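Report on the structure given below.
Protein chains: 2
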Amino acid sequence: MGRIICAGLGPGDPDLISVRADRAIRSARHVAFFRKAGRPGQARRIVAGMLPEGAQEYPMEYPVTTELPFDSPAYIRILAAFYDDWAMRLEQLVTTGADVVVLCEGDPLFYGSFMHLFTRLKDRVPVEVIPGIPGMVGCWNASGTPMTWGDDVLTVLMGTLPEAELIRHMQGADALAIMKTGRNLPRVRQALAAVGRLDQAWLVERGTMPGQRIARLAEVDAADCPYFAIVLVHGQGRRPVTGAPE
Amino acid sequence: MGRIICAGLGPGDPDLISVRADRAIRSARHVAFFRKAGRPGQARRIVAGMLPEGAQEYPMEYPVTTELPFDSPAYIRILAAFYDDWAMRLEQLVTTGADVVVLCEGDPLFYGSFMHLFTRLKDRVPVEVIPGIPGMVGCWNASGTPMTWGDDVLTVLMGTLPEAELIRHMQGADALAIMKTGRNLPRVRQALAAVGRLDQAWLVERGTMPGQRIARLAEVDAADCPYFAIVLVHGQGRRPVTGAPE
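Same order as they appear, the protein sequences are chains A and B.
Here this note's numbering is used: the first residue of the first sequence is 1, the next is one more, and so on.
Here this note's numbering is used: the first residue of the second sequence is 1001, the next is one more, and so on.
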């Protein structure tokens, strides 16, 4: 019996992969990764040049992405069948004695698609998960500004939330990381404006990767909604002023 | 002119350090790290066996830790002088042409002491910060359970907050990570009980490190308040039930 090794890839720069995940990837014989159909896939791109010659690749192509509402019965049914199918295929591979490395951007247990395979497989075959630096951590490092000080409260939000919920959570927090922006960006921007924090917000696109862009959200064209971007508001709590830091 | 390289060490297992930070540490000639006076220091312990022979070490010993309230004028004055002094010493080293690796547990820009040196030094000498896996990410991986699903809201709280604030933030969030527990643990526990989430809370002590312990918070003896522990409540949002996951 082999095992599943999920390698957290971190924010995008291959140099930010952990030593353990790097080792697993560079010695992989079987490598699975999610991607949108017809695309190379972000996870696969991160490990370009790292896979050993002859490694067998298993692109797990989402049968649907944004064509259906994510909470519709059809979407749920199709995605469940997709994860069921791949769980079965990976289980079969592992029972032949193979180790399978599953690539996962960021940290696998933090909003990762791998979690859907993990819950299906963890009681059927051995599964090892190697943590990674979450994308948001790469983004605040890319911004070159400390994210949280002292007793700051950090809240992580999805741009898919209704505006009223975004506003409620934004009011309570000191530091904010907002993911799944893309076409939700206008709503995120409105919510930040409503709580008076738009001027402190940064848009980090492709953080730590080639083509990285960092801009004040207020200065980004409203029609410019990059998919792979995170909005950050840095915490200011107990901030060190000259001669009086924590 | 050399530069400051702050190496994020991640949650504690040296195998979870990034490839870039690993390289910086293994080739370091000058290594600085924070520690409590008279202790080996957690950061230094993580890199045991990694430093090249002859590397010069600079333990930066906190002049005070919990003896004074962290918001008292005396504490603020003493700590500010401490950071001023080390910023000056590291600047002097760097201006002689040396590269100085500063070790920092977790991610350096996420509640890290290094941020106090960073704000002082960033306009005086070249500073590179290498991100790391935050301690909380290592802890939820150690717990073996996905942390956030779908639209879950994650809130990160410090156990030092007043109970009413803890309760207010806990009520709004789906997933919770509570740091700086230690002697604040009884208050954290009370707040979780007040919002009906104590039964879902886990205490992760020394996550990813030797002596790791994971226990249900409700079952931990009230007098047992380990210093190096994080409390987690995992998100349940859009959780995959059989046949009906996201």
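C-beta: ideal position from N, C-alpha, C; glycine also.
Being a predicted model, the structure only gives us computed values, none of them experimental.
Using DSSP's beta-bridge definition, name the partner residues of residue i.
| i | result |
| --- | --- |
| I214/A | V204/A |
| Q190/A | According to DSSP, Q190/A bridges with nothing at all. |
| H30/A | Q56/A and V100/A |
| R44/A | Beta-bridge pairing links R44/A to no other residue. |
| L157/A | I178/A |
| S18/A | S1018/B |
| F110/A | T1148/B |
| R1035/B | E1061/B |
| V1127/B | I1004/B |
If you run the structure through DSSP and keep just helix, strand and coil, what is residue i?
| i | result |
| --- | --- |
| G49/A | coil |
| I1078/B | helix |
| V231/A | strand |
| V220/A | coil |
| M1179/B | strand |
| G1172/B | helix |
| A1007/B | strand |
| F70/A | coil |
| V94/A | helix |
| D13/A | coil |
| R1120/B | helix |
| R1089/B | helix |
| E1105/B | coil |
| R23/A | helix |
| M1115/B | helix |
For residue i, return the contacting residues in chain B, with the cut-off set at a CB-CB distance below 9 angstroms.
| i | result |
| --- | --- |
| L157/A | D1151, V1153 and L1154 |
| R213/A | Per Cβ cutoff of 9 angstroms: no residues; R213/A is ~18 angstroms from chain B at best. |
| M209/A | Simply none; closest approach about 13 angstroms. |
Residues of chain B with CB closer than 8 angstroms to the CB of residue i, please, in chain order.
| i | result |
| --- | --- |
| V19/A | P1014, D1015, L1016, I1017, S1018, V1019 and D1022 |
| M60/A | Residues of chain B passing the Cβ test: none, with the nearest at roughly 14 angstroms. |
From residue i to residue j, what does the alpha carbon distance come to, in whole angstroms?
| i | j | result |
| --- | --- | --- |
| I25/A | I46/A | 11 angstroms |
| M158/A | Q1056/B | 45 angstroms |
| F118/A | D107/A | 13 angstroms |
| T1096/B | A1043/B | 25 angstroms |
| S1018/B | A173/A | 29 angstroms |
| E91/A | M1050/B | 37 angstroms |
| M115/A | E1053/B | 42 angstroms |
| D123/A | M209/A | 36 angstroms |
| V1137/B | E1219/B | 23 angstroms |
| Q1171/B | M1/A | 44 angstroms |
| W255/A | T160/A | Residue 255/A falls outside the range modelled here, since chain A spans only 1 to 246, and no answer is possible. |
| E1246/B | W86/A | Bear in mind that a pLDDT of 34 at E1246/B, under 50, signals an unreliable position, so the model cannot answer this. |
| V153/A | A37/A | 38 angstroms |
| P14/A | R1089/B | 33 angstroms |
| H1030/B | A1098/B | 8 angstroms |
| Y83/A | P1073/B | 57 angstroms |
| M1060/B | S1113/B | 11 angstroms |
| H1234/B | T1148/B | 7 angstroms |
| V1127/B | G1008/B | 13 angstroms |
| L79/A | D71/A | 11 angstroms |
| C1006/B | A81/A | 45 angstroms |
| P1131/B | R168/A | 30 angstroms |
| C139/A | R1213/B | 31 angstroms |
| R3/A | G1010/B | 25 angstroms |
Name the chain A residues whose beta carbon is nearer than 9 angstroms to that of residue i?
| i | result |
| --- | --- |
| L1103/B | Under the 9 angstroms cutoff, chain A gives no residues; its nearest Cβ is about 15 angstroms from L1103/B. |
| W1140/B | D107, L109, F110 and P131 |
| F1228/B | None at all; the shortest Cβ gap to chain A is about 17 angstroms. |
| M1050/B | Within 9 angstroms Cβ-Cβ: nothing; M1050/B doesn't reach chain A, min ~10 angstroms. |
| M1001/B | Simply none; closest approach about 19 angstroms. |
Just the chain A side, please: which residues come within less than 7 angstroms of residue i by C-beta, in chain order?
| i | result |
| --- | --- |
| T1148/B | F110 and Y111 |
| F1118/B | P146 |
| P1134/B | V137 |
So with CB distances below 7 angstroms, who are the chain B contacts of residue i?
| i | result |
| --- | --- |
| H169/A | V1153 and G1172 |
| L161/A | D1151 |
| M250/A | A question about residue 250/A goes unanswered here, because the residues of chain A that appear run from 1 up to 246. |
Report task. Pick out the complete alpha helix (DSSP H) segments inside the stretch 1129 to 1154 of chain B, 4 residues or longer, and give them in chain order. Result -> Those alpha helix (DSSP H) runs which fall completely within the stretch 1129 to 1154 of chain B and span 4+ residues are 1135 to 1142.
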